[in-house]
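Protein chains in written order, with the working numbering: chain A, 1 to 597; chain B, 598 to 838.
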């Protein structure tokens, strides 16, 4: 085996040298500003996996096929060494070379953190270390390498092997996309060899159990595919798969990708809406949200609220349009999460900015279908203030008002239209390096209000609205400062509260059997745009051209029904027996409110 | 009677619809030097590659030194020296490195024989393979085939690329060296005079089929013709240039 290893390492050294030169060139280039701007953000998520794939395929493709083509394989096969030993020697040498390349290419992505400007790169780097990522990635590319070695045994040209592996790589990426639709809540993203949009690889690298589990499976697959390659080389040293065979295999992969995409479209039974109401949006409107209370839904525009009665869903009736003068629900702290409004007791409460002299005011407009309008002034508008979406519990309105690293839970009596309490909260886990805006999401259930920032989940007992009491705080670790401005939406199903985590994308689950003290109960992977909602038996998420209804069971989320709408959904609201979905088409100024049962 | 060094029974190989080797059956007794004769494309190289288990047989069986060539491939390779009709592998290695690399596969590697042959051929051990002439490469290939002290030497067009003088010395000396120890040699060629000079047996192939397999003396005596005339007679055409 020793001479074989020596020869293989000599054969592969060019790849290692090329890898070192490439990393050196990157290092030099990364000192230039323009390169840093255009390249840095894409290195870990894009360039690194491409380079690792090229390395894994390049190492394996020629190892047998090139020797067969040059007939040097005959030389080895007519020496007293078993074909099995030949393949395993190649495998060992390739493994060493690949390990060096993985270390170099991953290491480059984790060099000198002080020079990092890109937030995407920082997101990864703030959460995982070089060793964890290298350990998580190596078995994946090891398998890619051994699969290449396997094809290298089957054919007689390195170029054919490389072409085959390119087809497989493209298919895998396409399949991953299809699987996102086919099984949006499955854990398949944990098996991808790159940082996809959900950041699942971050979860893998950070979680020893998942990293070990996937690592063992990929490593076993690598060893198995090498063992099969060794047997094939032993059984017959001539080529097995002709050009036609290769084309058939490639077509098989492409077919699998197409079939999976088709399967994704029929994966869940589609349920059409029971009622639908179309509208033309007001002039100069930029956004719209929806709230509901029982059979009554309200579409909240920038300066107007339109009520629609769905008592008879087959014929929804407009129940009133109320304009809010000099007001904008859009312009104040209008970050992800859509319009900030709540509905109850026949009224809609909209947070917005009111034109005033000398400074504009942050206020809550209370709107009723008959045209009744009251306004609760919260504060003068200041930079970096943020008001959460309000929640309504009985006759009390709750909202979080944040400035800097502090926020207050403010409680208003909707009957007297006055503030009855204000509870200050400081997010101690946050440091001052991040953005100045602190975004807080609010949710209520059974006499408790849950407040989620990017650093903590705070539980407040509001059974006595005038005397809110913090009962529990859960701090997240590690937290990412750059995500202070992201909204962590919440939903509950049964006894569990789900909260979205932005990166890695997914859901954090909390056990609510003791509502005053939610206990962390694991995390779930969720793909695509995380925008779930739910308050009862099921959870909902805008998905494809409609909504996916799903159910959390243990650590799994299972898709159940596809509520088809015909266009992408902007906002959801739950009211009584209905789930309302607002589809909103900007370019046509045309929207649609659909109700599902 | 000793068992044959090479026993080929019904050896057949198809490439698609083309029969490259068709039901080839012959034996080579131990200690003999056997020339495998045939025109270009007669199937000699394919037959040898099938015997060396470098190609899958379509049908038939090959027994070398009493062992099935397929089942005992690795064990047989330590007892057989083989020179392919291809350039030497790994042309980035030096002669010294290729010899070291090859020697490590053998338990019974004969360093002194290798050294004396290299000296005899005047081969520079520090030269890279890629810088050697085709003839020198053929010599190195032969040295490598002999280094493992093989009981059976199979040579596929071994003298290709050698000039006339070197070829004469090369073939005769090597084959005599093998013969002295009672070892068996099978070499393919399309050059009749080479066979006549060094071989005691001949196997003639044409269009993938066996045409003749006999001792040269018996063949001449039976036909009353020279080997060349016999070849022309059985193959039906003159030896190609």
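The beta-carbon is built from N, C-alpha and C at its ideal position, and this holds for glycine as well.
Residues of the segment 56–77 of chain A with a C-beta less than 9 Å from any C-beta of chain B: 67, 70, 71, 72, 73, 74, 75, 76 and 77, listed in chain order. Under a criterion of Cβ atoms nearer than 9 Å, the residues of chain A adjacent to residue 702 of chain B are, in order, 3, 4, 76, 79, 80 and 81. The distance from the Cβ of residue 408 of chain A to that of residue 381 of chain A is about 16 Å, inconsistent with a contact at the 8 Å cut-off.
Chain-order list of chain A residues neighbouring residue 686 of chain B: 67, 70, 71, 72, 73, 74, 75 and 76, by C-beta distance under 9 Å.
Distance from the CA atom of residue 15 of chain A to the CA atom of residue 142 of chain A, rounded to whole angstroms, is 15 Å. For a Cβ distance threshold of 9 Å, nothing in chain A lies close to residue 735 of chain B: the least Cβ distance comes to about 14 Å.
Beyond the five residues adjoining it in sequence on each side, residue 347 of chain A comes within less than 6 Å, by CB distance, of 366 and 368 in the same chain, given in chain order.
Judged by beta-carbon spacing, residue 151 of chain A lies within the 7 Å limit of residue 161 of chain A, meaning their Cβ atoms are closer than that value. The alpha helix (DSSP H) runs of length 4 or more contained entirely in the segment 18–48 of chain A are, from start to end of the chain, 33–42. In the structure shown, residue 458 of chain A falls within a strand segment according to DSSP collapsed to helix, strand and coil. Rounded to whole angstroms, residue 817 of chain B and residue 823 of chain B show a C-alpha spacing of 6 Å.
Ranked by Cα distance from residue 639 of chain B, the options B:808, B:690 and B:607 are led by B:808. Counting along the chain, the unbroken beta strand (DSSP E) around residue 418 of chain A starts and ends at 418–426. Within 9 Å of the CB of residue 699 of chain B, the CB atoms of chain A belong to 3, 75 and 79, in sequence order along the chain.
For residue 675 of chain B, the neighbours in chain A by C-beta distance under 7 Å run, in chain order, 80. Under the three-state reduction of DSSP output, residue 500 of chain A falls in the strand class. Apart from the 5 residues on each side of it in sequence, residue 294 of chain A sits with its Cβ closer than 7 Å to the Cβ of 575 and 576 in its chain, given in chain order.
The three-state reading of DSSP puts residue 756 of chain B in coil, since its state is none of H, G, I, E or B.
Between residue 752 of chain B and residue 784 of chain B, the gap from beta carbon to beta carbon is short of 7 Å.
At a cut-off of 7 Å between beta carbons, residue 609 of chain B makes no contact with chain A.
The beta carbon of residue 635 of chain B sits closer than 7 Å to those of 641, 787, 801, 802 and 803, all from its chain and outside the five residues before and after it, given in chain order.
Shown here for residue 104 of chain A: same chain residues with a beta carbon closer than 7 Å to its own, the five before and five after excluded, namely 19, 20 and 23 in chain order.
Secondary structure note for residue 403 of chain A: its beta strand (DSSP E) is the uninterrupted segment 396–403. Chain A places a beta carbon closer than 7 Å to that of residue 671 of chain B, counting this residue as a contact.
Per the DSSP secondary-structure output, residue 781 of chain B pairs in a beta bridge with B:749. Interface with chain A (7 Å Cβ-Cβ cutoff): residue 681 of chain B is included. Looking only at B:718, B:653 and B:773, the smallest Cα-Cα distance to residue 617 of chain B is reached by B:653. Bounds of the alpha helix (DSSP H) holding residue 648 of chain B are 641–648.
Residue 164 of chain A sits away from residue 93 of chain A, with the two beta carbons spaced by 7 Å or more.
Proximity of the segment 655–662 of chain B to the segment 608–622 of chain B meets the contact definition, three or more beta-carbon pairs being nearer than 8 Å. Under DSSP, residue 786 of chain B takes part in a beta bridge, and its partners are B:634. Residue 310 of chain A is classed as buried because its beta carbon has at least 16 other beta carbons within 10 Å across all chains shown. A straight line joining the alpha-carbon of residue 806 of chain B with that of residue 91 of chain A spans about 41 Å. Per DSSP, reduced to three states, the secondary structure at residue 493 of chain A is strand.
Neighbourhood of residue 160 of chain A in chain B, by CB distance below 7 Å: empty, with the nearest CB roughly 19 Å away.
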